[in-house]
Every structure is written in structure tokens, then in C-alpha cells.
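Numbering (this note's numbering) for the sequence shown: 1201 to 1913.
Think of the CB as a built atom: it goes at the ideal place given N, C-alpha and C, for glycine as much as any other residue.
Everything below concerns the one structure shown next.
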Amino acid sequence: MAEVTKESASAEEQDEASEAQIAVHWREEESYQPPAGFKEQANANDQAILESFAAERFPDSFVEYAELLTWDRKWDTVLDTSSPPFFKWFVGGRLNACANCVDRHLETRADKNALIWVPEPEDAEIQEITYAELHRRVNEFAALVQDFSGLQAGDRITFHMPMVPELPVSMLACARLGVVHSEVFGGFSGAACGQRMADAKSTVLVTIDTYYRNGTLIDHKVKADEAIEEARKEGIEVEKVLVWRRIPGEYHSESPMVEGRDFFVDELLEKYSGQQVEPVSLSATDTLFLMYTSGTTGRPKGAQHAVGGYLAYVTGTSKYYQDIHPDDTYWCFADIGWITGHSYIVYGPLALGTASVMYEGVPTYPDPGRPWRIAEKLGVNIFHTAPTTIRMLRKLGPDEPAKYDYHFKTMTTVGEPIEPDVWRWYYTVVGKGEAAITDTWWMTETGGFLGSTLPGLQPMKPGSCGPAALGIQLVIYDENGEEIRRGSGKAGYICVRNPWPGRMLTVWGQDQRFIDTYYARFNKDSSSKDWRDWPFMCGDGAVEAQDGYFRILGRIDDVINVAGHRLGTKELESAAIEVEEVAEAAAVPVVDEIRGKIVEMYIALKPGYEASDEVAQKVSQTIVKDIGAIARPKNVWIVPDMPKTRSGKIMRRVIAGISNFADVGDTSTLANPEVVDSIREQVQSEKRARGDVPQDLSAKEKDEIAAFGSGSE
Ligand code: WT7
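This is the structure:
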């Protein structure tokens, strides 16, 4: 078993610690074997698959993924590397993503479910949409987009949609036409949507009047008006707003329908009833969609994904890592407004012809048993969600899973490093000890998984995503661009050495930014035509243990540098969460005259526990015990709730702003903006009383605080 160093470095050693030798404080964890019985039925159950994706077989190994698709014309070149880093996959090939996700299943699976939609109100009827029905709906909406909106292949269209089946229908309809969709997460503000519309130069918006969230109908259409206003400020005039209606025949919004601009989709669709539209045969390197993601500042960053490479990659990884078979009932409990939903609710599972479950609402509505009731009722056998959801369900309903009769064969965690303690709850309580867990590490830009275990073949290790995914060559560099010895347990910048089909083509409209953000740092010769000179920088810190498993330490900008000693926020939070009373933890830096930065912890308790100095003490002691005195938090704030994004990520920059008496930045995309003021009041009044108010921060310090954790928003 690999030893990951548990540092107890002296002050001098800390001062010397170069970035190349970032000490990592995680304990090594015990491995778990895939459950017996799983292996026989697994899509990847033979070690030979590892050989077929070995580095020597690159790039042809990825042909196996491409062959899972139906092509109108086969490619001439597997990988074109003539213009690094703008690598192109399956060049010369032609296909249509919608035809692959819908039409090709009609012959064998027309009456099988494609989508199963669970509305939030529990007494509402679940919608089962067969492949035949999906085909009808997609064709009708495609006819509308083509005829009424007048869009053609290559044009952009923006969606601002929640978790309703009309979202995948709209996506697939556009994919059918080659119209590039750009879905903005429904929980984002109208302004955020408008900025993305302007960036994409998109003049058609698809939205909905309302949807259910936590038992109430949210007014969503008002956001369209804000989006249009914002886009106009940036010089884009939105011409048409297509408004789906959540409840047929009703309109639930305060926003008036604007004559000549806003149209109800159900009314328009009458004209296109029963119409069919031929899927447009696209080049493999044409664009399927844009997915905006957070950069540090400035212009939004639209990850531009390709029809062929992307679809091949998500289909292949869905098959081997999600272990999807056509007859499975697969539930990825994420939002389609994020890349996870695009790749692993819509495109990957549907390309494989399976039934993909979508749930409209929040995990704990009306109570934290809801997800398990859904799983039981629908016979879900593959479950996929994020640590934040797992923590929430553990906090509010630790005993709920045992009450329901469902059986998962495999479960996924995605989005952030999972604390080993939370992992074990997921495994034992949610999975009932029967399911393999895949911890899938990747990002918006990468299209699909980069690191994970093959569930039938490779043991799982809590807190580590596993080895590199099939065909992916991971490498960790130190800050001078030297490779860190494999298996050394030393932290550095994790990169992908080779091109892979799921990688985005570029940042929409910003080729130079694409190079600068992902390649400039570790490319030593910008004129090189050899792909080996172009490692892709993922933006995460990571360590590789002796067994070749990677542990992701979080975004590089999530690291707290205390006296030259870098502490991963996740390590701190994971330690804090070991304390029995603690449900959630967030670590932030506060500016410190002597040590540069020092850690502050924010804690939310499980129900039934009271805030007390003892709990704060225990958190502090556990951190000191697990990580070392260097990490001792200056303060442990026990707060009623953390500021969170609608997708459940804790907004560390907001609490970092509060701790430092600095600007908290834009809070409009928070799910619970109201907690910001109460936390500020609690923390700052206490600090004032102690005379602990920092001197004016330098510009660099302000920037650091404002950017803190921004990569993972
Ligand atoms: C960042 C990417 C991946 C789709 C959803 C998030 C973090 C993601 C893991 C994981 C540790 C993870 C990384 C990454 N991350 N998955 N399994 N273990 N960290 O996409 O918003 O582009 O965020 O999420 O820090 O860089 P994203």
C-alpha cells in the first residue's frame, strides 16, 4: 500500500517547501473490491480491455468508441494532429448525434423507455417517454426550429431550461439540425444567461414559464426578460423567445408575453404536428453544443464540443464506466444544465439505447427519502450523483435508504473530491454494500471522464478517483514543468499528456484563450507539431499513489497557502467532517500578516446538534491531528447554512470575502442569497469585538480572495 506522507514539518521545512514538494496530508485508505456477481455482467470484465487501450495503441484505441456509433460516412483519419493544440478526431467521418441517440433505436427499442421523467410533486404522474415518442417530439420541435425560427446548421440557440423533458427534446432537435445548442443552467440568473447569449451571438432563446422547486412553482420566464436586457447591453438583439409551458394550457409567470417576440411552443407546435425532419449529416468535427463554464474573470468561457469525438467518448465511457446496458434503468441525479447532464443523462445513455431517468426537483422534497422511493418505484439499478447531494442526504436522512427496496449495481460520484467518510456512507448505506462505486474525475472541458475505476475490474479506494480512464495518459508536473515521479505521492499540476476524443475543440470564439488556459503553462515549444509537446492542463492539483490511483486535491486556486505550505481545502474539510456533529465544512483563507494566509473553517451541523465551543474545538483538534498544527484554523464558525450555488456547491469565495471583510462578489446565482447577510453579521461582529479586523488588503490579496474557489463554482 502506498504511503502518503503525513507531514509534521518544522517551520524551516515549510518555508523551504517548493510547489514541487507540496506536502499532502491525506491518509492512505483501504481498497474495496468490486462486489462479486457484478463482474460477470460488466461491460468491461476482461483485463484485455486495458491492453487494447494501452499507450502504444494510441490513437487507434479510440476507434472502439467511435464504432459504438452509427456513421453516415466513415472517417479517413482517426486523429489529425497537424495543428496543435487544435486536434481533430475522426476526420472525414459524418454522422448525426440525434440519429444516434434516437432514430437508430427505433428498429429494436421503439417501445422501450428513453426518458423517464419524475416531476417534483410526488402525486404527479411520472412521464415515460419511449424512443418512438421521443422521436416524434424531437422531430416536431426540429421542424419548428427550422421553419419558424429559421435556424440552420452552425447557428447558435440558447436554452435556459430546468429539469423537464422538453430540455433533452430541444437539445436533440437542434442536434438533428446541426444547430449548436447552449444550455444555461436553469438556476442561473437572467443576466448570466444574457451574457452567454451575447457571447454565443445567439438570437433565439428557449425557456419555460415555470417549474417546481421545493414544492413551489418558480417564476422562470421573468429571467428571459432580464436575459434579453443583458444581451442587448452587449449588442445582441434577441429576436425570438420560445416558451414551453410546464402545465399544459396554463401560464405561471408575472412576465407578460411580448407580442412578436415571445411565443408559446405548444401553440406553434400544432402546425408541425407529425412532421419529420431528416437528420443533417454533419462532419465529425462540427460543433454539437457549447457549455459555458467559469473562468476566473472576464468573458464567459464557452467549451465547444464536437459531434463525433464527443459523442464517441461519452458513449464509450457510459458503456464501460457507467456499465450501461440497454435494459438498465439508469438515473443520473444531476442537472442537464451542467456538462454531467449533457454527457451522462442525455448523450451517452441515449446513444446506448437505455432508459435515462430525470428528476425535476430537489433531493429532499418532500423528505430525504424521496430519491430512494424513486429508485424503488422505477427499479433504478445505476445511480449517479455528486458528493454535495450525498452529504445532504446523509445529513438529513441517514437512515432513509434502508427503508426502501432498491438495488444498485453501480453508483457514481462526480463533481468534487469525496471525503472518505462520505464515500463509506454512500457505499454502505446507499449502496447497501452491493454496488460498485465509480468516482469519476473530469471537467466541462474534457467532455467525459479522465480518471475513474472500471467497476468490474479495478478496486475502489475512498477519496481517490482511481487510475487514468481508458486511453488517457495522465501526468503530474511540478511548477517548473518537471514530471513528478509516478507513484511518489507528491502533489503537482495534473495534465493529460495525449489528445482524446472528448476534449472540447476550443473556447468558443477565443482560440488564444484556449491555448493560454489549457496549454501555455506546460508546452515548451509553441511551434512543435508533435502532440507529445502539448499536455492539457486540467487546473487541478493531484497526487498519484504507488498503486497508480490519483487523488484530486481540488482546483489549483482552491489551495490555501499557509506560510508557504499549501493546504488543499478538501483535506481540511474532510478532516472537519470526521467530527460526529459536522454535516458540512468549508475552508477559506484569511489574510495573515505573518503567515500570509491562515485557515478559517465554516461548519454546518447535522440536525439535532447545537453549536458549541466544544464542537468548534473538536473540529480544530481533528484538523491539527489529521494535518498538523500548521493547519490549525484561526476560527471555526458554526453557521446555520452555507451559501451555495443552485447546483449545491459551497461558494467559498463568498465566505472568504466575509472572513476577510472583503467584497463577497456577485451572489445572484446563489440558491440561498439570504444567508450571506446573516453569516456576515455573525462573523464580522464577533471579529470586531475581538479587534480582529484586517488592515487594508493589497490588490493581490483582494484578487485572491475574490477568485477563491471560483474554478469550482
Ligand atoms: C472540476 C470540474 C465533472 C463534471 C462536473 C463538474 C472537480 C470533478 C471530481 C472528482 C475530484 C472532481 C475538479 C474539476 N471534480 N469531478 N470525481 N473528484 N474532483 O465540472 O464544473 O467543469 O468542474 O470539478 O476540481 O477540475 P466542472
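Secondary structure within the region 1405-1468: the beta strand (DSSP E) runs of 3 or more consecutive residues, fully enclosed, are 1410-1413, 1416-1419, 1440-1444 and 1462-1464 (chain order). Unbroken alpha helix (DSSP H) runs of no fewer than 4 residues, entirely contained in the region 1605-1641, are found at 1620-1625, following chain order. Inter-segment contact for the region 1608-1625 and the region 1657-1671 is present: three or more beta-carbon pairs are separated by less than 8 Å. When the alpha-carbon of Gln-1504 is set against those of Ile-1539, Gly-1569, Gln-1522 and Tyr-1530, the nearest one is in Ile-1539. Taken in chain order, the complete beta strand (DSSP E) segments of 3 residues or longer contained in the region 1527-1591 are 1529-1532, 1555-1559 and 1582-1585. Relative to the ligand WT7, the nearest heavy atom lies less than 7 Å away from the CB of Pro-1617. If you look at Leu-1490, you'll find it in the beta strand (DSSP E) that goes 1487-1493.
For the pair Trp-1572 and Tyr-1606, the CB atoms are nearer than the 8 Å cut-off.
Bridge pairing for Cys-1695: Val-1675 and Met-1737 [DSSP]. For His-1335, the enclosing alpha helix (DSSP H) begins and ends at 1331-1347. Note on Val-1883: 16 or more other CB atoms within 10 angstroms of its CB, so buried under the neighbour-count rule. The ligand WT7 never approaches Val-1514 closely enough for any of its heavy atoms to be under 7 Å from the residue's Cβ. The region 1434-1446 and the region 1308-1316 do not touch, with fewer than three beta-carbon pairs separated by less than 8 Å.
Taken from the Cβ of Cys-1665, at least one heavy atom of the ligand WT7 lies inside 7 Å. For Met-1643, the three-state secondary structure derived from DSSP is coil. Looking at Ala-1236, Gly-1237, Glu-1228 and Leu-1250, the one whose alpha-carbon comes closest to that of Thr-1653 is Leu-1250. Taking a C-beta distance under 8 Å as the contact criterion, Ile-1582 and Gln-1522 qualify as a contact pair. In the DSSP assignment, Gly-1509 falls within the unbroken alpha helix (DSSP H) covering 1507-1520.
If the five residues before and after Phe-1359 are omitted, its C-beta is found closer than 8 Å to the C-beta atoms of Leu-1367, Ser-1370, Met-1371, His-1381, Ser-1382, Glu-1383, Val-1384, Leu-1405, Val-1406 and Thr-1407, all from its own chain and listed in chain order. Short of 6 Å from the beta carbon of Phe-1287, and not among the five residues preceding or following it, lie these beta carbons of its own chain, in chain order: Thr-1281 and Pro-1699.
Counted as a single uninterrupted DSSP element, the beta strand (DSSP E) harbouring Tyr-1802 occupies residues 1796-1805. Shown here, His-1381 sits in a strand according to DSSP, grouped into three states.
Just measuring C-alpha positions, the residue of Thr-1330, Thr-1485 and Pro-1365 sitting nearest Asn-1296 is Thr-1485. A Cβ-Cβ contact shorter than 8 Å links Tyr-1492 with Pro-1500.
Under the DSSP definition of a beta bridge, Gln-1504 partners with Leu-1490 and Thr-1706. Fewer than three pairs of CB atoms, one per stretch, sit closer than 8 Å, so the region 1546-1561 makes no contact with the region 1597-1613. In the structure shown, Leu-1654 adopts coil according to DSSP, grouped into three states.
By alpha-carbon distance to Gly-1741, the top candidate from Val-1696, Arg-1703, Lys-1724 and Gly-1656 is Val-1696. For Leu-1870, no beta strand (DSSP E) run applies, since DSSP gives it neither H nor E. In this model, Val-1790 and Pro-1843 are separated by some 18 Å (Cα to Cα). 8 Å or more divides the Cβ of Gly-1748 from the Cβ of Gly-1768. Beta-bridge annotation (DSSP): Trp-1275 is not paired with any residue. Taking 8 Å as the upper bound for CB-CB distance, Arg-1396 and Gly-1561 are not in contact here, some 24 Å apart. Cβ-Cβ separation between Ala-1342 and Gly-1378: approximately 10 Å, too far for a contact (criterion under 8 Å). Taking a cut-off of 8 Å on C-beta distances, the region 1821-1830 does not touch the region 1879-1898, as fewer than three cross pairs fall below it. Closer than 7 Å to some heavy atom of the ligand WT7: that does not describe the Cβ of Trp-1623.
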